[in-house]
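Using my numbering, the letters of the sequence shown map in sequence onto residues 119 to 754. Accompanying notes for the structure given below.
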Amino acid sequence: MHKKLVMGNQAFAYAALAAGVRVVAGYPGTPSTELVETVAKLKAQGSAEGVHVEWSTNEKAALEVLAGASYAGARCLFTCKQVGLNVASDPLMSLNYVGIKGGLVLFVADDPGPISSQTEQDTRRFAAFAKIPVLDPQNLEQGYAMMQEAFEISERYHTPVIVRPTTRVCHASTYLEVPEHTVAHPAGTFEKDPKWVIFPRRSFTAHGEVNDRLPQIADAYSSGKAADAFNPIENHGDATPRLGIMAGGVSYAYTREALAIIERRAAAADIAVPPYRLMQVGLPYPFPTAAAERFAEGLGQILVVEELDFVLEDEMLRLAGRTHAAYTVHGKLDGTMPGRGENTVDDLAERLAAFLGIPAQAITPRADASLPKPPALPVRPPVLCPGCPHRGSFYAVKQALKAIGATDAVLSGDIGCYTLGNAAPLDAVDTCLCMGAGITMAQGLGIAEPARKQIAFVGDSTFFASAMTGIANAVYNGHDITVIVLDNATTAMTGGQPHPGTGLRLDGTKTQPIKIEAVLRALGVTCIEHANPFDLAQTTEAAQRAITHEGPSALICEGLCITLSKPKPALCVDESRCTGCKRCITQIGCPAISWDAEQRRARVNPTLCNGCGLCTQVCKFGAIGPNAEAAKGGEA
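This is how it looks when you write it as structure tokens:
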């Protein structure tokens with residue numbers, strides 16, 4: 119073991135390797151991505167021996183790969199973000215009934231806020247729905263221990279187990295003792311057995327087994343060392359407490375910090391803090407009822423602190439009703455705690471002080487009147503990077519629609535960097551639901567309004583993950599849609615991971631790339647156009663041909679992500695030619711171009727511009743070029 123500065127996802131990776139994980143698979147999605155990348159890096163360095171790690175085409179494929187490996191006795195780890203679990207839910211729901219052999223842990227990262235997700239979906243609810251145990255770490259250190267314990271629970275009870283950190287745990291950093299070298303447990307062998315085949319009669323029996331093991335797990339973690347580690351209870355103060363605080367996940371760490379602040383400031387103000395009892399719930403499902411009953415004994419008021427849904431609050435209300443308890447439960451449902459977003463230490467300090475009956479002004483530090491009030495932070499919406507090929511694709515498609523008189527077309531989008539195409543001035547994404555949905559939603563929109571052109575944008579990674587089924591449906595049912603594949607040769611939004619079309623695997627080895635055009639043709643799409651999105655004229659013409667084709671058609675816009683391409687010399691504006699029309703700003707919205715209000719001219723920020731040349735094609739006056747002299751030499 120050696121001490122190392124690691125981020126949360128790296129800590130979880132080290133923990134899984136220390137537990138002997140043999141197979142790791144998942145699909146990239148913030149805030150979970152770095153775990154798989156860490157395992158791959160350690161394998162490449164030779165410090166993770168015998169482990170197989172891969173980016174699968176999507177979450178469903180990943181979990182099914184791992185189910186097979188688990189049946190053979192290998193310890194397996196699945197990774198995704200919270201919405202990715204929806205994609206994997208089909209195999210997951212059956213897998214819990216069938217059971218596992220080698221420990222199978224699902225690392226599912228939730229995203230309160232949401233910071234980088236479509237929803238604030240709570241995986242604890244999903245775990246209860248699927249009847250699968252879930253562990254909820256408060257920090258990296260506990261997460262490291264919970265990841266290893268999850269494999270033990272999985273094998274002891276023959277069930278998949280979810281480890282559910284949230285964004286702040288995934289992306290926090292600390293020094294941690296981690297192994298220098300790990301060796302994966304041997305895979306074992308697959309033994310043929312009727313139990314691996316899920317028939318209705320087998321499912322009925324298995325459902326009873328699931329129902330039997332859940333209370334066993336809850337009891338096992340309600341007392342002894344297991345409870346002390348994951349569901350600890352503490353009394354604070356000399357007298358018997360009447361107030362109780364229950365918290366889960368990172369909110370427990372926030373709560374402890376907020377309580378420390380309250381006690382320190384109350385002492386400075388000579389105010390007594392009433393005695394209280396504090397409990398962490400690290401195993402929210404199956405709920406540790408016996409431990410919760412010990413926590414609630416003698417209490418009159420209980421405050422539940424958690425992020426996302428009111429999972430623990432529901433459990434305490436259910437427990438109170440079942441036991442006819444006299445305590446009152448406060449939390450999200452009665453408005454004592456916020457109903458959405460992340461908790462913060464400062465906000466919790468105020469809410470906890472109010473719950474403890476301490477005047478807020480007594481614990482709130484006074485502002486220095488001599489200091490000016492800080493200005494409000496400006497709104498800074500996310501935008502496509504300067505030089506992003508998607509900008510040219512969106513602009514050209516809209517120009518093509520304008521040319522054929524179809525400006526009322528519906529532009530269905532998808533999950534990825536290109537979702538940002540919805541913002542002005544591009545205004546090129548009208549819908550975005552989930553991965554792959556833009557293609558099938560375009561078909562439904564076309565059925566409802568057959569006179570309107572239907573365009574569906576999809577990225578190259580998402581094409582392989584979720585788009586092919588929708589395209590097959592369009593061909594089979596003859597839907598008149600145009601699919602625009604935005605191929606930037608990487609999974610850009612989550613950090614540049616490879617996918618089946620790149621010709622690279624996660625470990626850097628080369629493989630035969632799957633050609634998007636070949637897949638489209640195999641699915642029955644006959645009209646397929648190609649274009650370079652940095653060439654607006656070419657892309658506009660290709661888009662016109664694809665859009666005017668009757669039936670399913672496709673345009674593949676091929677331009678490298680700026681993280682993969684070498685930047686060209688920055689452009690600049692020739693002030694003698696610039697008329698101040700703002701076309702370069704109002705048409706493409708590149709963040710490298712700004713407006714000089716004093717000179718009434720456009721300006722190019724050379725530290726942002728990568729010389730893609732898109733603005734030179736938009737400017738009608740040849741006022742933008744590699745440098746001032748070049749711009750004077752003729753129209754761009």
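Built from N, CA and C at the ideal position, the CB exists for glycine as well.
| Check | Outcome |
| --- | --- |
| Please list the segments of the alpha helix (DSSP H) lying wholly inside the region 523–588, counting only runs of 4 or more residues, in order along the chain. | 555–566 |
| Just the Cα atoms here: how many angstroms apart are Leu203 and Glu177? | 7 Å |
| Would the beta-carbon of Thr148 fall within 9 Å of that of Met611? | yes |
| If we count Cβ pairs, one from each stretch, closer than 8 Å, do we get three or more for the region 230–249 versus the region 378–396? | no |
| Let me check one thing: in DSSP terms, what residues is Ser671 bridge-paired to? | Thr600 and Cys645 |
| For Ser369, report the span of its alpha helix (DSSP H) as first-last. | Val368 to Ala386 |
| Taking the straight line between their C-alpha atoms, what separation do you get for Gly740 and Pro618? | 41 Å |
| Checking the sheet assignment: what are the DSSP bridge partners for Gly215? | Per the sequence shown, residue 215 should be read as Tyr rather than Gly. None, per the DSSP bridge assignment. |
| I want to know whether the region 552–564 touches the region 581–599 - three or more CB-CB distances under 8 Å. | yes |
| So Asn214 packs on Val328, CB below 8 Å; how close in whole Å? | 6 Å |
| Span of the beta strand (DSSP E) holding Tyr394? | Tyr394 to Val399 |
| Within the same chain, show all residues whose beta-carbon is closer than 7 Å to that of Gly126, passing over the 5 residues directly before and after it, in chain order. | Leu258, Gly261, Pro283, Val287, Cys288, His289 and Ala290 |
| Applying the 10 Å Cβ sphere with the 16-neighbour rule, what's the burial state of Gln163? | exposed |
| Grouping DSSP H, G and I as helix and E and B as strand, with all else coil, what is Glu635? | helix |
| For Arg570, is the classification buried or exposed, using 16 other Cβ atoms within 10 angstroms of its Cβ as the cut-off for buried? | exposed |
| Going by C-alpha to C-alpha distance, which of Val515, Asp229 and Val205 sits closest to Ser150? | Asp229 |
| Is it buried or exposed for Pro402, if we count other Cβ within 10 angstroms and need 16 for buried? | buried |
| What residues in its chain sit with their C-beta under 6 Å from that of Val157, if we drop five residues either side in the sequence? | Ala131, Val142 and Val171 |
| Taking a contact to mean a Cβ-Cβ separation below 9 Å, would you say Val393 touches Leu421 in this structure? | The amino acid at residue 393 is misidentified as Val; the sequence shows Pro. No, they are not a contact pair. |
| Could you give the C-beta distance for Leu332 and Pro278, rounded to a whole number, given that I count them as a contact under 8 Å? | Between Pro278 and Leu332 the Cβ distance is about 13 Å, and since that is not below 8 Å, they are no contact. |
| Give me, in chain order, the residues of the same chain whose beta-carbon lies closer than 8 Å to that of Thr307; leave out the 5 immediate sequence neighbours on both sides. | Ala190 and Gly191 |
| Could you check the C-alpha separation between Leu224 and Ile280 for me, to the nearest Å? | 5 Å |
| Return yes when the Cβ of Ala302 is within less than 9 Å of the Cβ of Ala166, no when it is not. | yes |
| Any chance the region 310–325 sits against the region 347–361, with 3 or more Cβ pairs inside 8 Å? | no |
| What residue ranges within the region 469–528 form continuous beta strand (DSSP E) runs of no fewer than 3 residues, ordered along the chain? | none |
| In this structure, does DSSP put Leu224 in helix, strand or coil? | strand |
| Is the CB-CB distance between Val399 and Asn349 below 9 Å? | yes |
| Between Gln517 and Ala661, is the Cβ-Cβ spacing less than 9 Å? | yes |
| Can you check whether the CB of Gly677 is closer than 9 Å to the CB of Pro507? | yes |
| So Thr725 and Leu689 are in contact, right, with Cβ under 8 Å, and what is the actual spacing, rounded? | Going by Cβ atoms, the distance from Thr725 to Leu689 rounds to 12 Å, so no, they are not a contact pair. |
| Count the C-beta pairs between the region 620–628 and the region 693–710 that are closer than 8 Å, then say yes if the count reaches three, no if not. | no |
| Excluding sequence positions up to five away, which residues of its chain have a Cβ less than 7 Å from the Cβ of Arg719? | Val691, Glu693, Cys696 and Gly698 |
| Distance, Cα to Cα, Lys750 vs Pro543? | Residue placement at Lys750 is flagged as unreliable, the pLDDT there being 47, under the threshold of 50; the coordinate-derived value follows with that caveat. Those two C-alpha atoms are separated by around 28 Å. |
| According to the Cβ coordinates, are Gly534 and Thr580 closer than 9 Å? | yes |
| Do Val515 and Ala546 have their beta-carbon atoms positioned less than 9 Å apart in this structure? | yes |
| Less than 9 Å between the C-beta atoms of Gly63 and Cys550, yes or no? | Residue 63 cannot be examined here, being either before or after the span of the chain that is shown, 119 to 754. |
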